[in-house]
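So in my numbering the end of the sequence shown lands on 326, straight run, no missing numbers. Yeah, the Cβ is synthetic: ideal placement off N, Cα and C, and Gly gets one too. Computed from a predicted structure; not experimentally measured.
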Amino acid sequence: MAESQAHRFGQIIGEVLETALIPVFRQFARQHGIYLDMKGQRKCRDGLKCSWKDKYGNYHDLDFVFERGGTARKLGVPIAFIETAWRRYTKHSRNKAQEIQGAILPLADTYRNSAPLVGVVLAGVFTKGALVQLQSVGFKILYFPYDSVIEVFKKHGIAADFDEDTSEKEFQHKIQDYECLTNTQRTKLARELIATHESDVKYFIDALTTAVSRQVKRIIVLPLYGMHHEMKTIPEAIQFVEAYKQTKSLSDYIERYEIYVTFNNGNEVDGRFGDKASAIDFLRSYLPPMNKQRRFKQT
């Protein structure tokens with residue numbers, strides 16, 4: 028069955044959106060010393076898709092993932108999961124919002140200990156209800172409204188506006204107009220889309236910056252039967268757990284350690300562990316990369 032010209036033109040707009048974001052996200056990754064995963068070859072995974080597995084064993088294809096400690100050969104710790112989407116009609120916007128939630132939220136739950144940012148870049152027509160739905164479950168949103176997208180394409184000689192009465196022949200002309208653009212012209216079009224919404228892009232990048240640069244504010248370690256002990260740094264918490272004296276008497280038996288980590292951006296994570304080794308591994312995961320090589324004596 029031949030591909031619909033309307034569908035193909037929608038894909039083109041989606042591709043322009045991704046092309047516009049790639050240099051912005053690459054620059055951000057370089058500035059913060061983190062890895063940007065996206066569609067393409069990567070030695071630590073099969074195929075070209077940017078696929079991540081949730082705790083149930085299901086794979087989810089995403090557009091962008093920022094990682095701490097990631098390389099071309101090794102998956103890192105996810106800092107942010109980001110999906111992009113273009114929709115022309117309001118009747119499709121709520122379904123797309125739910126689809127994005129279904130792809131990203133299971134991953135956010137799987138990697139909850141790293142409290143990753145969940146983000147979405149939308150273009151086209153999305154109802155207020157769809158946007159509020161995404162915001163209500165924690166998504167940061169960068170939105171390029173339909174009229175704005177059409178105006179940018181128009182400046183480059185492409186009549187990108189359409190509706191349900193637009194014929195396949197008209198779509199074919201739109202596609203041909205885009206395909207006649209040189210690579211330089213296509214790059215300029217994508218850059219102008221970003222420039223048109225500079226303040227919105229900055230807001231989204233600021234949210235990413237907060238996620239990347241967050242700092243541990245406090246750590247509470249609570250042996251189940253004892254008083255809680257509050258520390259200011261991860262090394263202090265590790266040393267506390269290592270030095271904590273457990274006895275084998277029933278009255279002193281520790282059922283588990285409860286650990287609560289609060290960050291300066293408001294994120295909170297917690298863990299419950301039945302032994303010291305697991306508790307220390309949990310705490311070590313929040314050490315800066317340069318300190319993770321340090322060995323802590325086991326007691």
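query = Does the segment 57 to 65 come close enough to the segment 122 to 141 to have 3 or more Cβ pairs within less than 8 angstroms?
reply = By the C-beta criterion, the segment 57 to 65 is judged not to be in contact with the segment 122 to 141, since fewer than 3 inter-stretch pairs fall below 8 angstroms.
request  = Would you list the residues sitting across from residue 50 in a DSSP beta bridge?
outcome  = Taking the first residue of the sequence shown as position 1, residue 50 is located at position 23. Partner(s): none; residue 50 has no beta bridge.
request  = Please name the residue or residues paired with residue 151 in a DSSP beta bridge.
outcome  = For the purposes of this step, residue 151 is taken as the residue at position 124 of the sequence shown. Its beta-bridge partners are 114 and 172.
inquiry  = On the DSSP letters alone, give me the boundaries of the alpha helix (DSSP H) that residue 78 sits inside.
reply    = Counting from one through the sequence shown, the residue named residue 78 turns up at place 51. The continuous stretches of alpha helix (DSSP H) do not include residue 78, which lies in the beta strand (DSSP E) extending over residues 77 to 80.
key: Whole-Å CB distance - residue 32 paired with residue 185, under 8 angstroms assumed   = Position 5 of the sequence shown, counted from the first residue, corresponds to residue 32. Position 158 of the sequence shown, counted from the first residue, corresponds to residue 185. Their Cβ separation, rounded to whole angstroms, is 14 angstroms, which puts residue 32 and residue 185 out of contact at 8 angstroms.
request  = In angstroms with no decimal places, state the Cα-to-Cα distance between residue 106 and residue 238.
outcome  = Indexing the sequence shown from 1 puts residue 106 at position 79. Indexing the sequence shown from 1 puts residue 238 at position 211. Using only the alpha carbons, I get a separation of about 7 angstroms.
task = Within its chain, find whatever has a CB closer than 6 angstroms to the CB of residue 252; leave out the 5 residues flanking it on each side and keep chain order.
result = Residue numbering aside, residue 252 sits at position 225 when the sequence shown is read from its first letter. Cβ neighbours of residue 252 within its own chain (closer than 6 angstroms, five residues either side excluded): none.
Delimiting residues of the beta strand (DSSP E) encompassing residue 297 = Position 270 of the sequence shown holds residue 297. Counted as a single uninterrupted DSSP element, the beta strand (DSSP E) harbouring residue 297 occupies residues 295 to 300.
key: Residues bridged to residue 167 (per DSSP)   = Counting from 1 along the sequence shown, the entry for residue 167 is found at position 140. Under DSSP, residue 167 shares a beta bridge with 146.
query = Name the DSSP beta bridge partners of residue 310, please?
reply = Working through the sequence shown from its first residue, we reach residue 310 at position 283. Secondary-structure assignment with DSSP links residue 310 through no beta bridge to anything.
The segment 150 to 157 contacting the segment 68 to 81, beta-carbon criterion three pairs below 8 angstroms = Too few Cβ pairs lie closer than 8 angstroms, so no.
key: Three-state secondary structure (DSSP) of residue 348   = With the chain represented from 28 up to 326, any question about residue 348 goes unanswered, as that position is not in the structure.
ask   = Going by DSSP, what residues sit across from residue 64 in a beta bridge?
value = If you number the sequence shown from 1, residue 64 lands on position 37. 92.
key: Opening and closing residue of the alpha helix (DSSP H) in which residue 282 lies   = On the sequence shown, residue 282 is found 255 positions in, with the first residue counted as 1. For residue 282, no alpha helix (DSSP H) encloses it, and the DSSP letter there is neither H nor E.
query = In or out: residue 53 buried (at least 16 other Cβ within 10 Å) or exposed?
reply = Here the question's residue 53 lines up with position 26 in the sequence shown. Counting Cβ neighbours within 10 Å, residue 53 comes out exposed, since fewer than 16 surround it.
Contacts around residue 41, its chain only, beta-carbon distance under 6 angstroms, and the 5 residues preceding and following it disregarded = Here residue 41 is taken as the residue at index 14 of the sequence shown, counted from 1. For residue 41, where only same-chain residues beyond five positions count, the Cβ hits under 6 angstroms are 113.
task = Report yes if the C-beta distance between residue 284 and residue 262 is below 8 angstroms; otherwise report no.
result = The sequence position of residue 284 within the sequence shown is 257, counting from 1. The sequence position of residue 262 within the sequence shown is 235, counting from 1. In this structure, residue 262 does not lie closer than 8 angstroms to residue 284 by Cβ.
task = Starting from residue 185, trace the alpha helix (DSSP H) both ways and give me its first and last residue.
result = For the purposes of this step, residue 185 is taken as the residue at position 158 of the sequence shown. If you look at residue 185, you'll find it isn't in any alpha helix (DSSP H); DSSP assigns it neither H nor E.
message = Could you tell me the alpha carbon to alpha carbon distance between residue 302 and residue 99, rounded to whole angstroms?
response = For the purposes of this step, residue 302 is taken as the residue at position 275 of the sequence shown. For the purposes of this step, residue 99 is taken as the residue at position 72 of the sequence shown. Their Cα atoms are separated by approximately 34 angstroms.
task = Please go through the same chain and pick out, in chain order, the residues whose beta-carbon is closer than 7 angstroms to the beta-carbon of residue 244, but skip the five residues on each side of it.
result = For the purposes of this step, residue 244 is taken as residue 217 along the sequence shown, with counting starting at 1. So the list reads 289, 290 and 291, once near-sequence residues are dropped.
message = Using a Cβ-Cβ cutoff of less than 8 angstroms, which residues in the same chain neighbour residue 121 once the five nearest sequence positions on both sides are dropped?
response = Residue numbering aside, residue 121 sits at position 94 when the sequence shown is read from its first letter. Once the five neighbours on either side are set aside, the close Cβ partners of residue 121 are 154, 156, 157 and 160.
Alpha carbon of residue 232 to alpha carbon of residue 55, nearest angstrom = As a working mapping, residue 232 is identified with position 205 in the sequence shown. As a working mapping, residue 55 is identified with position 28 in the sequence shown. CA-CA distance, residue 232 to residue 55, rounds to 8 angstroms.
task = Spatial neighbours of residue 13 within its chain, please: CB distance less than 6 angstroms, with the 5 preceding and 5 following residues excluded, ordered by chain position.
result = Residue 13 lies beyond the range of the chain shown here (28 to 326); nothing can be said about it.
query = Mind checking residue 97: buried by the 16 CB within 10 Å criterion, or exposed?
reply = Here residue 97 corresponds to residue number 70 of the sequence shown, with the count starting at 1. Buried, by the Cβ-count rule.
task = Use the C-beta contact count for residue 146: other C-beta atoms within 10 angstroms, 16 or more gives buried, fewer gives exposed.
result = Working through the sequence shown from its first residue, we reach residue 146 at position 119. That one is buried.
message = Judging by CA-CA distance, which residue of 38, 76, 310 and 220 is the nearest neighbour of residue 176?
response = For this step, residue 176 is matched to residue 149 along the sequence shown. Looking at the Cα atoms, 220 is the closest of the given residues.
task = Compute the Euclidean distance between the alpha carbons of residue 325 and residue 306, then round it to the nearest angstrom.
result = Translated into the one-based positions of the sequence shown, residue 325 becomes position 298. Translated into the one-based positions of the sequence shown, residue 306 becomes position 279. Residue confidence for residue 325 is low, a pLDDT of 42 falling below 50, so the modelled location carries little weight and cannot support an answer.
key: As assigned by DSSP and simplified to three states, the class of residue 132   = To locate residue 132, count along the sequence shown from 1; it is residue 105. Residue 132 falls in the helix class under three-state DSSP.
message = On a Cα-Cα basis, can you pick out the residue from 247, 104, 227 and 46 that is closest to residue 143?
response = Working through the sequence shown from its first residue, we reach residue 143 at position 116. Taking only the C-alpha atoms, the option nearest residue 143 is 104.
ask   = Among the residues of its own chain, which have a CB less than 7 angstroms from the CB of residue 63, if the five just before and after it don't count?
value = For the purposes of this step, residue 63 is taken as the residue at position 36 of the sequence shown. Counting only Cβ-Cβ distances below 7 angstroms, and skipping sequence neighbours, we find 52, 53, 56, 91 and 93.
query = According to DSSP, is residue 99 helix, strand or coil?
reply = For the purposes of this step, residue 99 is taken as the residue at position 72 of the sequence shown. Per DSSP, reduced to three states, the secondary structure at residue 99 is coil, with no helix or strand assignment.
task = For residue 132, I'd like the list of residues in its chain whose CB is within less than 8 angstroms of its CB, leaving aside the five on either flank, ordered along the chain.
result = Residue mapping note: residue 132 aligns to position 105 of the sequence shown, counting from 1. Cβ neighbours of residue 132 beyond the five flanking positions: 145 and 164.
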